[in-house]
Amino acid sequence: MTGRASPVLWLLLLLWGGMSAPSSPSPPAGLLGRVFRYIDRHQDEFVQTLREWVAIESDSIQPVPRLRQELLRMMTLAADQLRCLGASVDSVDMGSQKLPDGDTLPMPPVLLAELGSDPQKPTVCFYGHVDVQPARQEDGWLTDPYTLTEVDGKLYGRGATDNKGPVLAWINAVSAFRALQEDMPVNVKFIVEGMEEAGSPALEELVRREKDRFFSSVDYIVISDNLWISPRKPALIYGTRGNSYFTVEVKCRDQDFHSGTFGGILNEPMADLVALLGSLVDASGRILVPGIYDHVAPVTDKEREAYEAIDLDLEEYRSSSRVEKFLFDTKEEILMHLWRYPSLSIHGIEGAFDEPGAKTVIPGRVIGKFSIRLVPHMNIPVVEKQVKQHLQQIFSKRNSSNQMAISRTLGLHPWVADVKEHQYRAAKRAIKTVFGTEPDMIRDGSTIPIAKIFQDVIQKSVLMLPLGAVDDGEHSQNEKINRWNYIEGSKLFAAFFLEMAKLHQ
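For reference, each letter of the sequence shown is one residue, going 1 to 505 in our numbering.
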């Protein structure tokens, strides 16, 4: 692959991706105008750097030596890129990861980089990650996922939008000031990791350890690991849902059974498990666990008005999502159930036969996996207790001779920011300068644990400033970032630096 699609692939990806994003306003005068022109003139170089980053299979999910070496190579490349800016970079050793079979793999380092220490300037710290989810072309990608391929202004490749593109956009913005030999308006720090997709093990411990060192001079923290709610209109994110992940195991014995020999004379674990999972949520999406909604923050009139103001074309959103019908018919209902109400998702069954063909097996032991996205003011231990009581009650009614065990394997809190803080005001002004419009003020239905960690440990303002469009397909096949979003996003970060400097003065 050369990074350009064949005519057939070009047509397929064009149909897949829809129309290109709109053009941007005329560049401003003065320093910012010169920075914008520099970014425009060097955009092909910036795309080439993204191509080099995407080419590295920095998969943190699959714990195998080859991929771990790729991940370490990605961290080295990112460190080199930061050093090229003139930043000092500390590559923090995170130790090793112990695997279930007893083997170990090296953990990728966390990069702590800083550029500038002027006490008269605010210090903005950017968080990002350069690891990715697994991707194989045979899973439905139209191109090689690790070869950045441009079609009609869309840059397809694993990690393009999550999160290599946004990390590079920050670097691009800083590099523009450096190339023009202009003083940075702010002090900049970077914390870049390589295990976000695998749950960021040990990152919270590092943040706590560095609270009074690396983070002591930080005034503001920015995360760009999200998407807009629109394909065209930029957004600022002020809240995310938390997550409680559960497993429920039903076991008869460690070996499977032949259905001709044992079918009809025992309680089958799969039947028990299906009944348990089916008791969790109804066809309208409502969670059936008693008491689960008791501590959900009530909706205020002001909040309803905020949802009404968000730019969302429901038909376009449904079409771009390739969903025939959503559970709700209005924009406000859909947004509230995405962002400010809890949801329960069933993710899979371990131990079940899932290969092609007709294998007449009764699994002797199965594990169901599900999660609940949490919202203010839900409490993780309370939710765990409610889930366990509910499943135990359902299981007892079946009078099964099997054994059941329920475990919570993950508990992450929701996060909400104060949109009146300085950096939200600066980001709004920067978006207006670059995109010519006010941003949508939105929440995100996913979970980004580091935001809550930063907020609680460092106790500084956290801003989520996304670059990607709603149709970028993060974690999915044919992930992409629009060239327009990537380049204009680089300008956005440059404008944000200047706006933060103004507000600080």
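In this text, a Cβ means the ideal position worked out from N, Cα and C, and glycines have one as well. Given the structure is predicted, the values throughout are model-derived calculations rather than measurements.
Distance, residue j Cα to residue i Cα
i: residue 33; j: residue 487; result: 14 Å
i: residue 150; j: residue 73; result: 24 Å
i: residue 468; j: residue 371; result: 25 Å
i: residue 123; j: residue 323; result: 43 Å
i: residue 268; j: residue 105; result: 38 Å
i: residue 505; j: residue 427; result: 16 Å
i: residue 379; j: residue 443; result: 19 Å
i: residue 405; j: residue 251; result: 9 Å
i: residue 206; j: residue 279; result: 40 Å
i: residue 321; j: residue 471; result: 7 Å
i: residue 313; j: residue 460; result: 35 Å
i: residue 489; j: residue 166; result: 8 Å
i: residue 434; j: residue 25; result: 7 Å
i: residue 81; j: residue 130; result: 13 Å
i: residue 199; j: residue 265; result: 42 Å
i: residue 61; j: residue 119; result: 40 Å
i: residue 355; j: residue 497; result: 52 Å
i: residue 283; j: residue 227; result: 28 Å
i: residue 300; j: residue 333; result: 14 Å
i: residue 464; j: residue 359; result: 48 Å
i: residue 335; j: residue 318; result: 13 Å
i: residue 174; j: residue 431; result: 17 Å
i: residue 132; j: residue 57; result: 8 Å
Local conformation of residue i per DSSP, three classes
i: residue 359; result: coil
i: residue 337; result: helix
i: residue 125; result: strand
i: residue 80; result: helix
i: residue 261; result: helix
i: residue 175; result: helix
i: residue 191; result: strand
i: residue 99; result: coil
i: residue 213; result: coil
i: residue 40; result: helix
i: residue 347; result: strand
i: residue 507; result: One cannot answer for residue 507 here, as it falls past the ends of the chain, which runs 1 to 505.
Beta-bridge partners of residue i, as assigned by DSSP
i: residue 440; result: 235
i: residue 59; result: 132
i: residue 415; result: 240
i: residue 154; result: 151, 482
i: residue 251; result: 365, 403
i: residue 527; result: Residue 527 lies beyond the range of the chain shown here (1 to 505); nothing can be said about it.
i: residue 408; result: 246
i: residue 373; result: 243, 343
Whole-Å CB distance - residue i paired with residue j, under 8 Å assumed
i: residue 493; j: residue 169; result: 6 Å
i: residue 160; j: residue 481; result: 4 Å
i: residue 311; j: residue 224; result: Incorrect: roughly 20 Å between the Cβ atoms, too far for contact.
i: residue 352; j: residue 363; result: 6 Å
For the pair the region 123-133 and the region 179-193, tell me if three or more CB-CB distances fall below 8 Å.
Segments in contact, yes.
Check whether the region 237-244 touches the region 410-424, counting contact only when three or more Cβ pairs, one atom from each stretch, lie closer than 8 Å.
The region 237-244 and the region 410-424 touch, with no fewer than 3 CB-CB distances between them shorter than 8 Å.
Is the region 107-115 touching the region 86-98 in the sense that three or more CB pairs, one from each, lie closer than 8 Å?
These segments touch.
Looking at C-beta atoms only, is the number of pairs between the region 51-58 and the region 140-149 that lie closer than 8 Å three or more?
Three or more pairs of CB atoms, one per stretch, sit closer than 8 Å, so the region 51-58 contacts the region 140-149.
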